[in-house]
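Engineer:
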Amino acid sequence: MDPKSVQFLASAIAIGLGALGPGLGLGFIGGKAMEALGRNPEASDKIFMPLILTMAFTEAIAIYALVVALIIKFVG
Amino acid sequence: MSTLRSPKVLLALAIIVAVLVILSVLRIPKVAMPEITIPAEPVLELFGFSITNTLLATWLTMLILIVGSWAITRKMRLVPRRWQSALEMVVEALLNLVEGAAGKKWARRFFPIVTTIFLFLLVSNWLGMLPLFGSWGPLHHSEEGNPVQWVNSSHSLGLWLRPGTAAAEAATGSEEGGERYALYPMFRSAATDMNTTVALALVSVALTQFFGVKALGVPYFGKFIAVGRIVKAFTKPGLGCGGRIGSFVIGGIDVFVGLIETISEFGKIISFSFRLFGNILAGEVLLGVIGFLIPYLVSLPFYGLELFVGFVQALVFMMLSVAFFVTAISGHGSEEH
Chain A
285 MDPKSVQFLA SAIAIGLGAL GPGLGLGFIG GKAMEALGRN PEASDKIFMP
335 LILTMAFTEA IAIYALVVAL IIKFVG
Chain B
3 MSTLRSPKVL LALAIIVAVL VILSVLRIPK VAMPEITIPA EPVLELFGFS
53 ITNTLLATWL TMLILIVGSW AITRKMRLVP RRWQSALEMV VEALLNLVEG
103 AAGKKWARRF FPIVTTIFLF LLVSNWLGML PLFGSWGPLH HSEEGNPVQW
153 VNSSHSLGLW LRPGTAAAEA ATGSEEGGER YALYPMFRSA ATDMNTTVAL
203 ALVSVALTQF FGVKALGVPY FGKFIAVGRI VKAFTKPGLG CGGRIGSFVI
253 GGIDVFVGLI ETISEFGKII SFSFRLFGNI LAGEVLLGVI GFLIPYLVSL
303 PFYGLELFVG FVQALVFMML SVAFFVTAIS GHGSEEH
C-alpha cells in the first residue's frame, strides 16, 4: 500500500476508534444527569454547571483523537 | 403560528430560495477547499519579525477588550445604562461562579486572572466566526495551489477559485501553464495556534503552583515529594517496630502517588492546550469543509454549534483553572496527625 492511502486510512481509524470511548462516556453522563433531573426537577440549576463541565472534559478525549487524525492527514 | 405565515417572513423566505436557485443555475464560481494548516501562516513583515495571522487576531482581540472596557467604564453611573449594565452582569455572574467554587476570600485573588482568560478566549473564539477571518489574505505562488481569477489588470486583487470548475478553466486558459496560488488568510482564530493555547495552559498551571505556595508555603511541594511518612518511619520516637514498618510501606505508596501527581501536572498543561486547540481548530475545519461541500445555508447549524463551542471552551478553561487553584490551596486531605 502506498503511503498516501495508508495516511487516509490511518486518519480515518484514528478518529473513528477514538470517538468510541468518549461517545459512550458522554452518553453515560447525560443519562445520569437526566436520571438526577427526573428525581429532582428543581435541582436543574445545580446540575447544569457540573454537567457541562464533565461533558467538556469527556469531549476533550475525542478532540485529542481528532487532532491526531488531522495531523496525520494534513502534515507529511 | 400566524407570525410564521406573515407576509414579511414569507417574503424573506422567497428571496432566500430565489437567490439559491439563481446562484446554482448561473454556476457562480464555487467555493474552494480551504487549506488546512496546523501551524499559523506568516502574513506580514514588521521590523524583521514575521507576523502570523493568529497574532493579528490576538491583537484584534486585545484591542476590542481594552478599548471596550475603557470606553464602558469611562463615565460610570450609580444607575448604569446599557453597556455598563451588560458588563456588570457579566462580571457579577463570573464572580458568583468563582465564589461558588473558591469561597469569598480566595475568589477575589483568583478572579482577575481567570476572568481575563475567560474574556480573552470568549472574544477570540467568537471573533473567529466573523466573515473577516479565514477568507481573504495574501496569495503566494505554490505548486499545489488553486487558480486565481484576477479582478484588475495589474494582478493585485483576485478571486481564489476551486480548480476544475468552468471559471477556473477560463482563468488559467489551460490545464497546465496557469499560475497556481495558495491563500494565506489574513486573520485566523487565535486559539487555533498552539502557541496561544500552550501559553495559556502554562500560565494556568504555573499559577496553581504559585497559589499553592501562597496558601501553604513551601510544604505545598510536599504533595509531589511525599517523603513525610518514610521520614516518620525512621525518626519518630516511641513508634514500635510494627508501626515503623507500616509507616514505611504507606510512605512508599505516598512517594508513588507524589510521582503520579507530578506527571499529572504536566498532563494538565497538555490537556488544557489540546482541548482548546482541538475544539477551535476542528470547528474551523468543519465550517470550511461544510462551506466547501454545500456553500449556502447548511453551514448555519454548524455556525451555531461553533458559537456554543467557543463559549463552552472559554468557560471550561476558566472553571478548570479555578478548580485546580482550589485544589492547590486546600492541600492534602490526608495528612498524618
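These protein sequence lines are chains A and B, in that order. All you need for the working numbering is the position in the first sequence, starting with 1, plus 284. All you need for the working numbering is the position in the second sequence, starting with 1, plus 2. Beta carbons: idealized from backbone N, C-alpha and C, even for Gly.
(1) Does B:Arg277 have its Cβ less than 8 Å from a Cβ in chain A?
(2) Are any of the Cβ atoms in chain A nearer than 8 Å to that of B:Asn127?
(3) Considering only residues of the segment 27-77 of chain B, which uninterrupted beta strand (DSSP E) runs meet the minimum length of 3 residues and lie entirely inside it, listed in chain order?
(4) Quick one: which chain A residues come within Cβ less than 9 Å of B:Val93?
(5) Tell me which residues of the segment 267-294 of chain B have at least one Cβ-Cβ distance to chain A shorter than 8 Å, keeping chain order.
(6) Tell me the rounded alpha-carbon separation between B:Gly285 and B:Glu308.
(7) Can you give me the C-alpha to C-alpha distance between B:His339 and B:Gly230, rounded to a whole angstrom?
(8) For A:Gly315, which of A:Asp286, A:Ser295 and A:Thr338 has the nearest alpha-carbon?
(9) List the residues of chain A whose Cβ lies closer than 8 Å to the Cβ of B:Ile40, in chain order.
(10) Note down the Cα distance separating B:Ser336 from B:Phe310, rounded to an integer number of angstroms.
(11) Provide the residue span of the beta strand (DSSP E) that contains A:Tyr348, from first to last.
(12) With a cut-off of 8 Å, do at least 3 Cβ pairs link the segment 261-273 of chain B to the segment 298-307 of chain B?
(13) Under a Cβ-count criterion, where at least 16 other Cβ atoms within 10 Å of its own Cβ denotes burial, should B:Phe274 be classed as buried or exposed?
(14) Quick one: what's got a C-beta closer than 7 Å to B:Leu161's C-beta in the same chain, skipping five residues either side?
(15) Would you kindly report the start and end of the unbroken alpha helix (DSSP H) that includes B:Leu185?
(16) Would you kindly work out how many angstroms separate the C-alpha atoms of B:Ile115 and B:Thr198, rounded to a whole number?
(17) Which value, in whole angstroms, describes the spacing of the CA atoms of B:Leu129 and B:Phe313?
(18) Indicate the three-state DSSP secondary structure (helix, strand or coil) for B:Pro114 in the structure shown.
(19) Hey, does A:Glu317 have any beta-carbon neighbour from chain B nearer than 8 Å?
Structural biologist: According to the data block:
(1) Along the second sequence, one-based indexing puts residue 277 of chain B at 275. Closer than 8 Å to some Cβ of chain A, the Cβ of B:Arg277 qualifies, so yes.
(2) Counting from one through the second sequence, the residue named residue 127 of chain B turns up at place 125. Answer no: the Cβ-Cβ gap between B:Asn127 and chain A never drops below 8 Å.
(3) 44-48 and 51-54
(4) As a working note, residue 93 of chain B is residue 91 in the second sequence. Neighbours of B:Val93 on chain A: none; closest Cβ ~18 Å, over 9 Å.
(5) Ser273, Phe276, Arg277, Phe279, Gly280, Asn281, Leu283, Ala284 and Val287
(6) For the purposes of this step, residue 285 of chain B is taken as the residue at position 283 of the second sequence. For the purposes of this step, residue 308 of chain B is taken as the residue at position 306 of the second sequence. If I take the Cα positions, the gap works out to 6 Å.
(7) Counted from its first residue, the second sequence places residue 339 of chain B at position 337. Counted from its first residue, the second sequence places residue 230 of chain B at position 228. Its pLDDT being 37, under 50, B:His339 is placed unreliably in this model, and the coordinates cannot settle the point.
(8) Locating residue 315 of chain A in the first sequence gives position 31, counting from the first residue. Of the candidates A:Asp286, A:Ser295 and A:Thr338, the one whose C-alpha sits nearest the C-alpha of A:Gly315 is A:Thr338.
(9) Along the second sequence, one-based indexing puts residue 40 of chain B at 38. Going along chain A in sequence order, the residues near B:Ile40 (Cβ under 8 Å) are Leu354, Ile355, Phe358 and Val359.
(10) If you number the second sequence from 1, residue 336 of chain B lands on position 334. If you number the second sequence from 1, residue 310 of chain B lands on position 308. The predicted model places B:Ser336 with a pLDDT of 40, which falls under 50 and marks its position as unreliable, so this point remains unresolved.
(11) Counting from one through the first sequence, the residue named residue 348 of chain A turns up at place 64. Premise fails: A:Tyr348 lies in the alpha helix (DSSP H), Ser328 to Phe358, not in any beta strand (DSSP E).
(12) no
(13) Here residue 274 of chain B refers to the residue found at position 272 when the second sequence is read from its first residue. Buried, because 16 or more other Cβ atoms sit within 10 Å of the Cβ of B:Phe274.
(14) Along the second sequence, read from residue 1 onward, the residue named residue 161 of chain B stands at position 159. Pro31, Val150, Gln151 and Val153, listed in sequence order.
(15) Sequence index remark: in the second sequence, residue 185 of chain B carries index 183 (1-based). Unbroken run through B:Leu185 is the beta strand (DSSP E), Tyr183 to Leu185; no alpha helix (DSSP H).
(16) In the second sequence, counting from the first residue as 1, residue 115 of chain B sits at position 113. In the second sequence, counting from the first residue as 1, residue 198 of chain B sits at position 196. Their backbone Cα atoms lie some 16 Å apart in a straight line.
(17) The residue given as residue 129 of chain B occupies position 127 in the second sequence. The residue given as residue 313 of chain B occupies position 311 in the second sequence. If you take the alpha carbons of B:Leu129 and B:Phe313, they lie about 11 Å apart.
(18) Start at 1 with the first residue of the second sequence, and residue 114 of chain B comes out as number 112. Three-state DSSP puts B:Pro114 in a helix.
(19) Within the first sequence, the letter at position 33 stands for residue 317 of chain A. Before going on, a small fix: residue 317 of chain A reads as Ala here, not Glu. For A:Ala317, the answer is no, since every Cβ of chain B falls outside 8 Å of its Cβ.
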